[in-house]
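Asks: Chains as they are written, first to last, in the working numbering: chain X, 6 to 420; chain P, 104 to 472.
Ideal Cβ placement from N, Cα and C applies to all residues, glycine included.
Sharing a structure with you now.
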Amino acid sequence: MLRIKVVCEILVIFLMISILTGCWDREELEDRAYVIGIGLDRSEHKGKIQVTMLLANPEVGSVQGGGGSPEKPREIISFDANDIIAAKGTVNSIISRIISYDLLKIIVVSEELARDSRFTSIIYDIINDKEIRMNAYLAVSNEKASEYFLKNKPRMETRPHKYYQYMIHHGIENGLIPDSTLFRFFTTLERGSDLFLAMNTAAKREKSPRYKSEDEYTAGQVEASGEFDDTQFIGSAVFKDGVMVGKINGLETVLANVLDDSTNIKDLLVDVPNPFPGRRKQIAVRLMKREKNKVKMDLKGERPQIFITIPLRVVLMTNPSKVDFSEKRNQEIIKKAIKTHTENLYEKLLLHTQKEYKEAPYPLSFYARKYFGTIQEFEKFNWAKKYQNAVIHMKSEIKIIDYGKKQSEIDKGEK
Amino acid sequence: MKQKPGKLGIREYAAIAILMVGSKATEDTPAFLYTGSQNAAWMVPILSAVVFFVPLFLLIKTISLFQGKNLFSVIQQLLGKYIGFLVCLVIFIISSLGISYDSRTYIDIIKAFYFNSTPHLVLYAILMAICTYGAKKGIQHIGSVSYLIVFYTLLSGYFIFIISFQDSNFQAILPIWGSGIPRIFKESIHRLPLFADFFLLTMLIPYLKSSKEFRKGTWIAYSYVTIHISTAILMFIVLFDRSSGAIGYPFHTLIRYISLGNYIPNVEIIFFVIWIMGAFIRFTAFLYVNALMFGYMFKIKDFEYLIPSLAAIYLMIGIIPESSMDVSHDLKPMVQSAAGPAFAAISLMVWIAALLKGEFKHAKNKSGL
């Protein structure tokens, strides 16, 4: 009897092992091709789109030390398809492995397609594919997405998944590109009352970009010389109701990111005009945002009044006029200069977007909600329409927490 | 130090109840609550709990008059042999359909998010086989396993909650009344079946050490679960905002979205494993309760042998609907709209019958003596 029992138990264990493989969903690591980026373009054929897939080779860079395979780190395929979902099947006529979107990092859309009114319905297909994660990023490229992937050959970071991860992560940290995940895209789209900012990227540099002051570039315009990649991530594409309507530059993106409490931008370096006499006209400061913005609204009248207060902490990084900041008077002067400068910048951004796109570049409508009891009332108020006439009052609360090094000590050193 | 066989302690019972009802926050219930009352959906479970408290309180009060008797024997004793049997049959049919369609929803989730190409039938068979195995082991085993995993489930829930904070916007709960106060009240009445499981759990009374423990355990689990579901819905609302209605299974969309920093991005499988263990317990306990009902109605003493065949029947009922849409839009609302009022009505009926028969007075006299 005991022997029978033992045999039975062993049989049960074997049965369980066969379940462990995942039944029909058995996945062999060897047998999978990981798509890191998807590019979407307008197709020459009517009613179709051109899909580009950037596949990473998992073998490259994974072997410690020598003995890496001579294979290329990536593969790029472009073809016409009816939609993104069907593309997954089509591509298997070219790729030997099963296509997996598990590691999808970025969806690059060409500006041409993003400006097409069909774009909303095309991108909405993504929701149906459960494999695409909502934390993948949406980016808009100046050129065709298929060309973008081909042109983009990182020199240092050859593994595409790492390249995009680092590039986007640091771009968002600096605030030069927005945190444009699909998740934010879809929630903004559903809300329908604000603009969505998607990161702008370009793999081609413009021939002779006009020189602009700090960060006022869009992708492809940053002029740099040396040996490096041509790809740039800076600025953002503005989407209204899921269709691209324009572009804003890097500086404006930084400002929008500071306004948006839901991004976790840490600190940023900017130049403010030097209020003190001297040959150099700029002071470099580090702006830090640690507290949330205070927004008050008066929505009663014909033209709603919006009061926005931005608390900023400032560290002075340079002191070109060698001012002694231990004097109260000088402290007041620099404080005022930073205050007016930042207020002007914000007002300019909001007025620009209000005038041109008729909506706010960040979820401002959230702050209006607390003035209403029910959703119906809020919808009746019609934020999108009222905002066009809204008067916006900006105020920055500057706290200078560090005036930099004491000038006298440095002077002594120079002597 | 061997535990007395056949009896559940308060911990085990509360663990079963929390797992059975709390897991409703992780399936399609939040999406339905959202479509009903939009961003005030988090109030609905609280209000429903307050409403359902009345019949449940009366029922438990009535049952506690009959020391160590379960729901069905109390019903039969109070309502007579024939009417009693009919009422029991109604309860059994409702809860049978409930388990079938609920388990089907779970299968739909598993298939949609984790096992895309495995056929429904295979997944379903595995789920039911595991639940049968568990249920056959008896209620003590179910109780101790649920006590083992209840903390993991809850902790993982809090963990997800904390991580998802980063991307949440708390202003999404405004305007505070959502789609209007009347709508919220209507919705709360409509959502009574959220707590219907507590009604069914009164079948387990004979297996508890004392009816006092049962009462205490029920109220602990009841209040905890109310807060749990409400908080979970709040979490989905502040994260998904207006898209909450469009996302069928917000919990699973959420765990696919969150990541532990840049270096551990895709973590859903950790939470999936914990979730599926909770699901096993939920259906195991559910199956056991159903077998208990069936056994009691037809006077089958060794009802535990019924479990495999009942599981097979539930599998067959559950596999009939063609798509998950049919289940979550037609069949489940149908069962739920029957379950809520029916269970509340039966509770009231039992209480009134006891009142008319003077059972409360008897009990007082007894205790007076």
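For a cutoff of 7 Å on Cβ pairs, would you count P:D131 as touching chain X?
Replies: Here residue 131 of chain P refers to the residue found at position 28 of the second sequence. At a cut-off of 7 Å, the C-beta of P:D131 has no neighbouring C-beta in chain X.
Asks: Check whether the Cβ of P:M104 lies closer than 7 Å to any Cβ atom in chain X.
Replies: By one-based count along the second sequence, residue 104 of chain P stands at place 1. The predicted model places P:M104 with a pLDDT of 38, which falls under 50 and marks its position as unreliable, so this point remains unresolved.
Asks: Give me the residue from P:A448, P:K460, P:I449, P:V154 with the minimum Cα distance to P:K289.
Replies: Here residue 289 of chain P is taken as the residue at index 186 of the second sequence, counted from 1. Cα-wise, what sits closest to P:K289 is P:V154.
Asks: Should P:F446 be labelled buried (16 or more other beta-carbon atoms within 10 Å of its own) or exposed?
Replies: Against the second sequence, residue 446 of chain P aligns to sequence position 343. By the neighbour-count rule (16 or more Cβ atoms within 10 Å), P:F446 is buried.
Asks: Apart from the five residues on each side of it in sequence, which residues of its chain come closer than 7 Å, Cβ to Cβ, to P:H331?
Replies: The sequence position of residue 331 of chain P within the second sequence is 228, counting from 1. Here the set comprises G125, A128.
Asks: I need the straight-line Cα distance from X:E337 to X:E348, nearest angstrom please.
Replies: Within the first sequence, the letter at position 332 stands for residue 337 of chain X. Within the first sequence, the letter at position 343 stands for residue 348 of chain X. Their Cα atoms are separated by approximately 16 Å.
Asks: By Cβ distance, which residues of its chain are closer than 7 Å to X:K110, with the 5 residues on each side in sequence left out?
Replies: Start at 1 with the first residue of the first sequence, and residue 110 of chain X comes out as number 105. Excluding sequence neighbours, X:K110 sits near I41, G42, A141, Y142, H166, Y169, Q170.
Asks: Around the Cβ of P:P148, are there at least 16 other Cβ atoms within 10 angstroms (buried) or fewer (exposed)?
Replies: In the second sequence, counting from the first residue as 1, residue 148 of chain P sits at position 45. With 16 or more Cβ atoms within 10 Å of its Cβ, P:P148 is classed as buried.
Asks: Going by other Cβ atoms of all chains shown within 10 Å of its Cβ, with 16 needed for buried, is X:R334 buried or exposed?
Replies: In the first sequence, counting from the first residue as 1, residue 334 of chain X sits at position 329. X:R334 is exposed by the Cβ-count criterion.
Asks: Does any residue of chain X have a CB that is nearer than 7 Å to the CB of P:T256?
Replies: In the second sequence, residue 256 of chain P corresponds to position 153, counting from 1. P:T256 does not count as touching chain X.
Asks: For X:T422, list the residues DSSP reports as bridge partners.
Replies: In the structure as shown, chain X starts at 6 and stops at 420, and residue 422 of chain X therefore has no counterpart that could be examined.
Asks: Kindly say whether P:F216, judged by its beta-carbon, lies nearer than 7 Å to any beta-carbon of chain X.
Replies: Here residue 216 of chain P refers to the residue found at position 113 when the second sequence is read from its first residue. Interface residue, yes.
Asks: For X:E162, collect the residues of the same chain with a Cβ closer than 6 Å to its Cβ; drop the 5 residues on either side in sequence, then sort them by chain order.
Replies: Here residue 162 of chain X corresponds to residue number 157 of the first sequence, with the count starting at 1. Beyond the five residues adjoining it in sequence on each side, X:E162 comes within less than 6 Å, by CB distance, of Y168 in the same chain, given in chain order.
Asks: Measuring CB to CB, does P:G246 end up less than 7 Å from P:L111?
Replies: Taking the second sequence and counting its residues from 1, one reaches residue 246 of chain P at position 143. Taking the second sequence and counting its residues from 1, one reaches residue 111 of chain P at position 8. The Cβ-Cβ distance between P:G246 and P:L111 falls below 7 Å.
Asks: X:A144: which of X:T192, X:T95, X:A208, X:F84 sits nearest, CA to CA?
Replies: Residue mapping note: residue 144 of chain X aligns to position 139 of the first sequence, counting from 1. The residue with the shortest Cα to Cα distance from X:A144 is X:A208.
Asks: Can you check whether the C-beta of P:L277 is within less than 7 Å of a C-beta belonging to chain X?
Replies: Locating residue 277 of chain P in the second sequence gives position 174, counting from the first residue. Yes, because at least one Cβ of chain X sits closer than 7 Å to the Cβ of P:L277.
Asks: How should X:S23 be labelled, buried or exposed, when 16 other C-beta atoms within 10 angstroms of its C-beta is the threshold for buried?
Replies: Translated into the one-based positions of the first sequence, residue 23 of chain X becomes position 18. The residue in question, X:S23, is exposed, as its Cβ has fewer than 16 Cβ neighbours within 10 Å.
Asks: Check whether the Cβ of X:G247 lies closer than 7 Å to any Cβ atom in chain P.
Replies: The residue you call residue 247 of chain X lines up with position 242 of the first sequence. At a cut-off of 7 Å between beta carbons, X:G247 makes no contact with chain P.
Asks: Mind listing the chain P neighbours of X:S115? Cutoff is C-beta to C-beta under 9 Å, in chain order.
Replies: Here residue 115 of chain X corresponds to residue number 110 of the first sequence, with the count starting at 1. Within 9 Å Cβ-Cβ: nothing; X:S115 doesn't reach chain P, min ~26 Å.
Asks: By the 8 Å beta-carbon criterion, what residues does the stretch 210-235 of chain P contribute toward chain X?
Replies: A215, F216, Y217, F218, N219, S220, T221, P222, V225, L226, I229
Asks: X:F244 and X:G176 - do their beta-carbons sit closer together than 7 Å?
Replies: If you number the first sequence from 1, residue 176 of chain X lands on position 171. If you number the first sequence from 1, residue 244 of chain X lands on position 239. Between X:G176 and X:F244, the C-beta spacing is not below 7 Å.
Asks: Count the other C-beta atoms from every protein chain shown that fall within 10 angstroms of the C-beta of X:L256, then say buried if there are 16 or more, exposed otherwise.
Replies: Position 251 of the first sequence, counted from the first residue, corresponds to residue 256 of chain X. Flag for X:L256 reads buried.
Asks: For P:M428, count neighbouring Cβ atoms within 10 angstroms of its own Cβ and tell me buried if that reaches 16, exposed if not.
Replies: The residue labelled residue 428 of chain P in the question sits at position 325 within the second sequence. Classification of P:M428: exposed, given that the 10 Å Cβ count is below 16.
Asks: Would you mind working out which of X:S267, X:R318, X:N298 sits nearest X:P274, comparing C-alpha positions?
Replies: Against the first sequence, residue 274 of chain X aligns to sequence position 269. It is worth fixing the name first, because residue 274 of chain X is Leu in this sequence and not Pro. Here the closest residue by C-alpha is X:R318.
Asks: Where DSSP assigns a beta bridge to P:E462, which residues make up the other side?
Replies: As a working note, residue 462 of chain P is residue 359 in the second sequence. None; P:E462 has no bridge partner.
Asks: Which residues in chain P sit within 8 Å of X:G306, going by Cβ to Cβ distance?
Replies: By 1-based counting over the first sequence, the position of residue 306 of chain X is 301. Near X:G306 there are no residues of chain P at all, since even the closest Cβ is about 20 Å away, more than 8 Å.
Asks: Flag P:G283 as yes if its beta-carbon sits less than 7 Å from any beta-carbon of chain X, otherwise no.
Replies: Here residue 283 of chain P refers to the residue found at position 180 of the second sequence. For P:G283, the answer is yes, since a Cβ of chain X falls inside 7 Å of its Cβ.
Asks: Taking beta-carbon pairs under 7 Å, can you tell me which members of the stretch 178-199 of chain X lie near chain P?
Replies: F188, F191, T192, E195, R196
Asks: Per DSSP, which residues does X:Y142 bridge with? Please list them.
Replies: Translated into positions along the first sequence, residue 142 of chain X becomes position 137. DSSP output for X:Y142 lists X:I111, X:T186 as bridge partner(s).
Asks: Could you check which residue in P:A382, P:L451, P:L459 has the C-alpha nearest to that of P:R207?
Replies: Taking the second sequence and counting its residues from 1, one reaches residue 207 of chain P at position 104. Measuring from the Cα of P:R207, the nearest candidate turns out to be P:A382.
Asks: Select from the stretch 332-343 of chain P all residues with a C-beta closer than 7 Å to any C-beta belonging to chain X, and list them in chain order.
Replies: F343
Asks: Any beta-carbon of chain X closer than 7 Å to the one on P:S412?
Replies: Residue 412 of chain P sits at position 309 when you count from the first residue of the second sequence. With 7 Å as the cut-off, P:S412 does not count as an interface residue toward chain X.
Asks: Checking 7 Å against the spacing of the C-beta atoms, do P:G398 and P:A117 come in under that value?
Replies: Here residue 398 of chain P is taken as the residue at index 295 of the second sequence, counted from 1. Here residue 117 of chain P is taken as the residue at index 14 of the second sequence, counted from 1. For P:G398 and P:A117, no; Cβs fall outside 7 Å.
Asks: If you run the structure through DSSP and keep just helix, strand and coil, what is X:G251?
Replies: Taking the first residue of the first sequence as 1, we reach residue 251 of chain X at position 246. Strand at X:G251.
Asks: Classify P:Y408 as buried or exposed, calling it buried when 16 or more other Cβ atoms lie within 10 Å of its own Cβ.
Replies: Counting from one through the second sequence, the residue named residue 408 of chain P turns up at place 305. Looking at its Cβ environment, which holds fewer than 16 other Cβ atoms inside 10 Å, P:Y408 is exposed.
Asks: Indicate whether at least one CB of chain X lies closer than 7 Å to the CB of P:W454.
Replies: Translated into the one-based positions of the second sequence, residue 454 of chain P becomes position 351. Output row for P:W454: interface = no.
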